[in-house]
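Each number in this note's numbering comes from the position in the sequence shown (counting from 1) with 106 added on.
Virtual Cβ for every residue (Gly too), placed ideally from N, Cα, C.
In what follows, a structure is listed as structure tokens, so that the remarks can point back to it.
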Amino acid sequence: MNNETLKQLAYQAGADLVGVVPYDRWADWPAESNPLTLMPACRSVVVVGCRILRGTFRGVEEGTNFNSTYGTYGAGYMERVFMPKTVQEIAAAIEREGSEALPMVGGTAPGSAVRLDTKALAHAAGLGMIGKGGFFLTPKYGHRQRLALILTDLELAGDSIYDVDLCEGCDACLRACPLQAISDNGSPHFTIDTKLCELCANGKFKIEPGDYEPLDRMPASCGRACLVALEEKISNRFAAPFRRRAVWTRDVHGKYTVTPLTPNA
Numbered sequence: 107m108n109n110e111t112l113k114q115l116a117y118q119a120g121a122d123l124v125g126v127v128p129y130d131r132w133a134d135w136p137a138e139s140n141p142l143t144l145m146p147a148c149r150s151v152v153v154v155g156c157r158i159l160r161g162t163f164r165g166v167e168e169g170t171n172f173n174s175t176y177g178t179y180g181a182g183y184m185e186r187v188f189m190p191k192t193v194q195e196i197a198a199a200i201e202r203e204g205s206e207a208l209p210m211v212g213g214t215a216p217g218s219a220v221r222l223d224t225k226a227l228a229h230a231a232g233l234g235m236i237g238k239g240g241f242f243l244t245p246k247y248g249h250r251q252r253l254a255l256i257l258t259d260l261e262l263a264g265d266s267i268y269d270v271d272l273c274e275g276c277d278a279c280l281r282a283c284p285l286q287a288i289s290d291n292g293s294p295h296f297t298i299d300t301k302l303c304e305l306c307a308n309g310k311f312k313i314e315p316g317d318y319e320p321l322d323r324m325p326a327s328c329g330r331a332c333l334v335a336l337e338e339k340i341s342n343r344f345a346a347p348f349r350r351r352a353v354w355t356r357d358v359h360g361k362y363t364v365t366p367l368t369p370n371a
């Protein structure tokens with residue numbers, strides 16, 4: 107099995123994104139974030155992405171439905187039902203070929219001896235970049251994907267690193283946060299006050315600590331602003347724009363503000 111046949115198999119299993127990180131890109135990482143700590147014979151890390159349907163953000167955007175739209179189909183079912191099946195199929199196919207495969211969810215619970223950095227691995231796999239606002243961004247879906255990993259002793263060719271800055275000239279996520287939890291300190295990535303994010307009532311979801319994005323800001327004000335800002339930059343496009351109405355927000359005290367829609371909202 108090589109890189110190309112692995113990807114064909116992964117797409118057939120339901121993956122929307124697949125990238126490979128070869129041994130030499132992470133071999134010298136610290137032990138607490140190194141795949142070798144989990145699998146000493148690991149030679150490749152396969153990063154698997156499944157897109158989050160744009161429609162799952164609709165209920166939050168309209169302020170009318172949260173849990174049964176994004177909470178279920180954008181987060182919970184993806185982590186518990188859809189992605190595990192896809193990752194299991196890919197890992198099982200690798201093992202049928204005689205190599206060992208260790209399937210993993212996209213996060214690691216706090217307190218674990220090893221916490222793999224899924225976003226760093228996804229960048230090293232050529233899938234995209236870690237944006238200013240902390241979201242992992244891909245040229246196909248923007249921030250609309252969840253990620254998982256497969257460690258394997260199968261040696262695979264790595265994919266080219268993605269080197270386009272999708273955040274260039276943009277601070278949409280920072281401007282959209284009604285809690286002022288995001289600040290620009292001049293570094294490549296914004297500073298995010300996660301304690302304030304915990305108080306967010308603008309679409310933020312908390313899921314299991316070991317899941318990808320356990321403090322899930324993708325459907326929050328900042329995440330939806332990112333979605334809007336990237337609509338013309340990504341390849342997965344739609345007939346109509348995502349944002350179609352005035353923008354609602356709630357501050358840290360729960361006070362509502364409604365901002366009329368503008369071309370740059």
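query                                                                                                                                                                                              : result
Between the Cα of residue 339 and the Cα atoms of 249, 174, 259, 319, which residue gives the shortest distance?                                                                                   : 249
Excluding the five sequence neighbours on either side, which residues of its own chain have a C-beta within less than 6 Å of the C-beta of residue 406, listed in chain order?                     : Beyond the ends of the chain as shown, which are 107 and 371, falls residue 406; an answer cannot be given.
Please go through the same chain and pick out, in chain order, the residues whose beta-carbon is closer than 8 Å to the beta-carbon of residue 138, but skip the five residues on each side of it. : 219, 220, 221
Ignoring anything shorter than 4 residues or poking outside the region 189-243, list the alpha helix (DSSP H) runs there in chain order.                                                           : 189-202, 224-230
Cα separation between residue 371 and residue 187?                                                                                                                                                 : Note that residue 371 has pLDDT 48, beneath the 50 cutoff, so the model's placement of it is unreliable and the number below is only indicative. Whole-angstrom Cα-Cα distance: 34 Å.
Pull up the distance between the alpha-carbon of residue 172 and that of residue 245, whole angstroms please.                                                                                      : 27 Å
Could you check whether residue 197 and residue 60 sit closer than 8 Å to each other, using their CB atoms as the reference points?                                                                : As displayed, the chain neither begins before 107 nor continues past 371, which places residue 60 out of reach and without an answer.
At a cut of 8 Å, does the region 114-133 reach the region 258-271 through at least three beta carbon pairs?                                                                                        : yes
Evaluate contact between the region 207-217 and the region 315-324, counting only Cβ atoms and requiring at least three cross-stretch pairs below 8 Å.                                             : yes
Measuring CB atoms only, is the region 290-299 touching the region 228-240, in the sense that at least three cross pairs come out at less than 8 Å?                                                : yes
My parser needs the alpha helix (DSSP H) runs of 4 or more residues fully inside the region 264-310; what are they?                                                                                : 278-282, 300-304
Rounded to the nearest angstrom, what separates residue 319 and residue 166 at their Cα positions?                                                                                                 : 17 Å
Quick check on residue 232: buried or exposed, where buried means 16 or more other Cβ atoms within 10 Å of its Cβ?                                                                                 : buried
Contact defined as beta carbons within less than 8 Å: I believe residue 251 pairs with residue 157. What is the distance between those atoms, to the nearest angstrom?                             : 5 Å
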